[in-house]
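Step one of this worksheet: look at the structure below.
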Amino acid sequence: MEGPLSTAPQTGSRLRGSRCADCAVAVYPADPACPRCGGPAEPVVLSATGTLWTWTVQRYAPKSPPYVPPASGFAPFTLGYVELPEGVRVLAVLDVRTEDAEIGMPLAITAGDGVPRATGAVV
Amino acid sequence: MSGEDVLVCGAGITSFARTEASGRQLAVQAVRAALADAALPWSRVRAAYGGSDAAGNADTLVAELGLTGVPFTNVRNGCATGGSALVSAVGAIRSGAADVALAVGFDKHPRGAFDPRPADWGLDEAYGRDGLMVTTQFFAMKIQRYMHDHGISPRTLAQVAEKAYANGVLNPYAWRRKPLDADEILASGMVNDPLTRYMFCSPGQGAVALILCTKAVARELGGTPVGLRAAVVRTRRFGSFEVFSPWAPTGTPTSVSADAAQHAFEEAGLGPRDIDVCQLQDTESGAEVMHMAECGFCEHGEQESLIPFGATGIGGSLPVNTDGGCIANGEPIGASGLRQVHEVVQQLRGRAGERQVPDDPSAGFTHVYGAPGVSACTVMTR
Ligand SMILES: [Zn+2]
Numbered sequence: 055m056e057g058p059l060s061t062a063p064q065t066g067s068r069l070r071g072s073r074c075a076d077c078a079v080a081v082y083p084a085d086p087a088c089p090r091c092g093g094p095a096e097p098v099v100l101s102a103t104g105t106l107w108t109w110t111v112q113r114y115a116p117k118s119p120p121y122v123p124p125a126s127g128f129a130p131f132t133l134g135y136v137e138l139p140e141g142v143r144v145l146a147v148l149d150v151r152t153e154d155a156e157i158g159m160p161l162a163i164t165a166g167d168g169v170p171r172a173t174g175a176v177v
Numbered sequence: 008m009s010g011e012d013v014l015v016c017g018a019g020i021t022s023f024a025r026t027e028a029s030g031r032q033l034a035v036q037a038v039r040a041a042l043a044d045a046a047l048p049w050s051r052v053r054a055a056y057g058g059s060d061a062a063g064n065a066d067t068l069v070a071e072l073g074l075t076g077v078p079f080t081n082v083r084n085g086c087a088t089g090g091s092a093l094v095s096a097v098g099a100i101r102s103g104a105a106d107v108a109l110a111v112g113f114d115k116h117p118r119g120a121f122d123p124r125p126a127d128w129g130l131d132e133a134y135g136r137d138g139l140m141v142t143t144q145f146f147a148m149k150i151q152r153y154m155h156d157h158g159i160s161p162r163t164l165a166q167v168a169e170k171a172y173a174n175g176v177l178n179p180y181a182w183r184r185k186p187l188d189a190d191e192i193l194a195s196g197m198v199n200d201p202l203t204r205y206m207f208c209s210p211g212q213g214a215v216a217l218i219l220c221t222k223a224v225a226r227e228l229g230g231t232p233v234g235l236r237a238a239v240v241r242t243r244r245f246g247s248f249e250v251f252s253p254w255a256p257t258g259t260p261t262s263v264s265a266d267a268a269q270h271a272f273e274e275a276g277l278g279p280r281d282i283d284v285c286q287l288q289d290t291e292s293g294a295e296v297m298h299m300a301e302c303g304f305c306e307h308g309e310q311e312s313l314i315p316f317g318a319t320g321i322g323g324s325l326p327v328n329t330d331g332g333c334i335a336n337g338e339p340i341g342a343s344g345l346r347q348v349h350e351v352v353q354q355l356r357g358r359a360g361e362r363q364v365p366d367d368p369s370a371g372f373t374h375v376y377g378a379p380g381v382s383a384c385t386v387m388t389r
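Chains as they are written, first to last, in my numbering: chain A, 55 to 177; chain B, 8 to 389.
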């Protein structure tokens with residue numbers, strides 16, 4: 055997995071979450087309060103790789119608004135929760151072919167313009 | 008359990024099929040049916056609780072029912088609206104504040120899927136823009152993981168829906184009354200893998216009312232009252248997996264349904280093994296499968312050796328959703344939980360007609376689950 059966590063302000067495309075010092079609960083996106091104990095949580099940069107915990111395929115175009123289809127029009131897409139070593143599962147759109155999605159597969163996850171996106175990791 | 012015993016002495020329901028009637032009209036119809044069933048006039052009701060999610064305030068029903076001065080409390084608690092109204096009515100009887108109390112739930116939703124907005128859920132607009140504000144995705148991802156962990160097959164999901172439609176055929180109040188077999192359900196088009204179109208319930212309409220009373224009132228009335236041994240509502244604990252979550256903690260998710268069921272059984276002094284008929288939240292097929300285990304009726308994975316062999320059918324060892332559940336009745340949010348209670352009341356009275364569970368069932372259980380992690384359960388005995 056990833057090396058030691060960096061707390062440097064420049065995170066590139068890594069996900070910025072937070073973690074409670076008391077109960078070590080990590081969350082995404084960052085939240086100033088721990089959802090478990092209510093105590094203060096510190097910003098943390100989350101790992102860039104994880105494994106797929108669960109997934110599905112969005113087979114039909116979601117209602118617009120709020121959904122904004124891509125310029126090329128709606129096409130079914132894969133989504134799922136990526137489990138990271140910090141003890142957090144992050145919801146992401148998966149740049150993975152629908153027939154290739156598999157629980158446990160390694161993925162690389164990044165923060166972009168919108169929601170997190172994950173792609174097949176090279177391991 | 009403390010205080011007065013609580014009995015259900017009247018139960019009223021409307022059809023859950025689509026009509027032109029308003030939610031309020033349906034509610035009035037259900038209350039009148041429940042009062043007639045109990046053989047009590049509206050003026051005899053000493054406390055009333057009720058609500059809808061999208062069809063107005065319950066306390067306005069007094070305009071049609073009669074201006075008796077009764078204290079009428081509005082409840083609006085999402086999927087637990089009916090359950091919360093019931094808990095309040097039970098409290099009124101147990102405390103001695105009322106000897107006759109009403110709980111009513113009703114709703115009417117537009118066609119098509121529920122339409123949530125990111126801001127209402129505290130989420131960034133990107134979740135809506137990028138297509139992740141879709142409730143059915145959550146149900147699909149929860150059962151997808153469950154199938155992986157516990158060996159549940161897609162065919163079993165189809166068989167849950169097949170049973171729901173078969174029971175709907177036998178229920179004159181159901182919305183979907185056409186049988187569909189497992190092959191048709193599997194072939195009905197994937198919505199979110201592994202769930203197909205006919206595995207889901209749809210937003211609908213309907214109303215249910217229940218009249219609760221003390222033992223003394225029940226004795227005067229005669230009739231066939233049912234003991235309401237427990238009614239509980241719980242919210243989620245840390246670690247649960249819920250709809251519209253940008254993240255979730257690792258580990259085996261906690262379950263608010265398991266918490267609510269356990270509290271209900273403790274309050275009733277009974278266990279899952281004592282139950283002869285149960286109604287479990289079936290927003291889609293996978294939910295019914297998971298709730299069987301979460302509520303304590305089987306081990307995780309055991310569903311695969313129960314459902315395909317008819318165990319959850321009306322003649323099976325554990326009849327589940329004998330009225331067709333949400334899949335055959337639709338889901339009018341405010342009415343759904345009390346529909347389940349109504350069905351168990353009829354089953355325990357031996358009045359469920361063609362869908363009657365054989366051998367005089369003596370104990371029943373109901374379970375609602377909804378966003379954002381709320382569950383309501385009841386235990387009833389004859
Ligand atoms: Zn904490």
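A virtual CB, placed ideally from N, CA and C, is assigned to each residue, including glycine.
Cα-Cα separation, Ser50(B) to Arg389(B) | 27 Å
CB contact check: Met197(B) to chain A, cutoff 7 Å = yes
Chain A residues whose Cβ lies nearer than 7 Å to that of Val141(B) | Gln112, Pro116
Any heavy atom of ligand 1 closer than 6 Å to the CB of Cys91(A)?
-> yes
Are the stretch 181–194 of chain B and the stretch 155–173 of chain B touching by the rule of at least three beta carbon pairs closer than 8 Å?
-> yes
Relative to the C-alpha of His374(B), which residue among Arg83(B), Gly308(B), Arg226(B), Ala271(B) is closest?
-> Ala271(B)
Anyone know if the C-beta pair for Asn178(B) and Gly331(B) falls short of 7 Å?
-> yes
Quick one: using the 10 Å Cβ neighbour count with 16 as the cut-off for buried, is Gly10(B) buried or exposed?
-> exposed
Within chain B, partners of Thr108(A) - CB distance below 8 Å | Under the 8 Å cutoff, chain B gives Met148, Lys149, Gln151, Arg152, His155.
Residues of chain B with a CB under 8 Å from the CB of Ile157(A): which are they?
-> Gln151, Arg152, His155
Does the Cβ of Glu140(A) have 16 or more other Cβ atoms within 10 Å, making it buried, or fewer, making it exposed?
-> Of the residues assessed, Glu140(A) falls on the buried side of the cut-off, its CB having 16 or more other CB atoms within 10 angstroms.
Where the stretch 138–157 of chain A meets chain B: residues whose CB sits under 8 Å from a CB there | Gly141, Val142, Arg143, Val144, Leu145, Val147, Thr152, Ile157
Could you run through the stretch 174–203 of chain B and flag, in chain order, every residue whose CB is less than 9 Å away from some CB of chain A?
-> Gly196, Met197, Val198, Asn199, Asp200, Pro201, Leu202
Of the choices Arg280(B), Asp44(B), Met148(B), Ile334(B), whose alpha-carbon is the least far from that of Phe251(B)?
-> Met148(B)
Apply the 10 Å Cβ neighbour rule to Glu153(A) and answer buried if 16 or more other Cβ atoms are within range, or exposed otherwise.
-> exposed
Nearest CA to the CA of Ile159(B): which residue from Glu295(B), Gln353(B), Leu187(B), Gly63(B)?
-> Glu295(B)
Same chain only: Cβ atoms within 8 Å of Leu193(B), ignoring 5 sequence neighbours per side = Take Leu193(B), set aside five residues on each side of it, and the residues of its chain with a beta-carbon closer than 8 Å to its own are Pro161, Arg162, Ala165, Thr203, in chain order.
Please list the residues of the stretch 123–138 of chain B that have a C-beta atom closer than 8 Å to any C-beta atom in chain A, keeping them in chain order.
-> Arg124, Pro125, Asp131, Glu132, Ala133, Tyr134, Gly135, Arg136, Asp137, Gly138
Identified DSSP bridge partners for Trp254(B) | Val144(A)
CB-CB under 6 Å to Arg118(B), same chain, minus the five flanking residues each way: which ones, in chain order?
-> none
Rank Glu350(B), Gly377(B), Asp281(B), Gly63(B) by C-alpha distance to the C-alpha of Glu361(B) and give the top, closest one.
-> Glu350(B)
With 7 Å as the threshold, decide whether the Cβ of Val136(A) is near any Cβ in chain B.
-> The C-beta of Val136(A) comes no closer than 7 Å to any C-beta of chain B.
Start and end of the alpha helix (DSSP H) containing Val38(B)?
-> 30–45
For Arg90(A) and chain B, any beta-carbon pair shorter than 7 Å?
-> Yes, Arg90(A) counts as interfacial toward chain B.
Rounded to whole angstroms, what's the CA-CA distance from Ala189(B) to Thr105(A)? Just pull it up for me.
-> 33 Å
With a cut-off of 8 Å, do at least 3 Cβ pairs link the stretch 12–31 of chain B to the stretch 60–77 of chain B?
-> These segments touch.
Where Lys222(B) sits in the DSSP three-state scheme | helix
With hydrogens ignored, establish whether the beta-carbon of Asp76(A) is closer than 6 Å to any heavy atom of ligand 1.
-> yes
Could you please tell me which residues of the stretch 241–257 of chain B, in chain order, have their CB closer than 7 Å to any CB of chain A?
-> Phe245, Ser252, Pro253, Trp254, Ala255, Pro256, Thr257
Beta-carbon proximity of Pro160(A) to Ala146(A), cut-off 7 Å = no
If I'm right that Gly85(B) touches Ile340(B) with Cβ under 8 Å, what's the distance once you round it to whole angstroms?
-> 7 Å
Which value, in whole angstroms, describes the spacing of the CA atoms of Met8(B) and Ala268(B)?
-> Confidence at Met8(B) is low in this model, with a pLDDT of 46, below 50, so the placement of that residue should be treated as unreliable; the coordinate-derived value is given next. Met8(B) and Ala268(B): Cα-Cα distance of roughly 15 Å.
CA-to-CA distance, Arg101(B) to Gly234(B), given in whole angstroms | Rounded to the nearest angstrom, the two C-alpha atoms are 13 Å apart.
How would you label Thr67(B), buried or exposed, when you count the other beta carbons within 10 angstroms and need 16 or more for buried?
-> exposed
Does the beta carbon of Gln144(B) sit closer than 7 Å to a beta carbon anywhere in chain A?
-> yes
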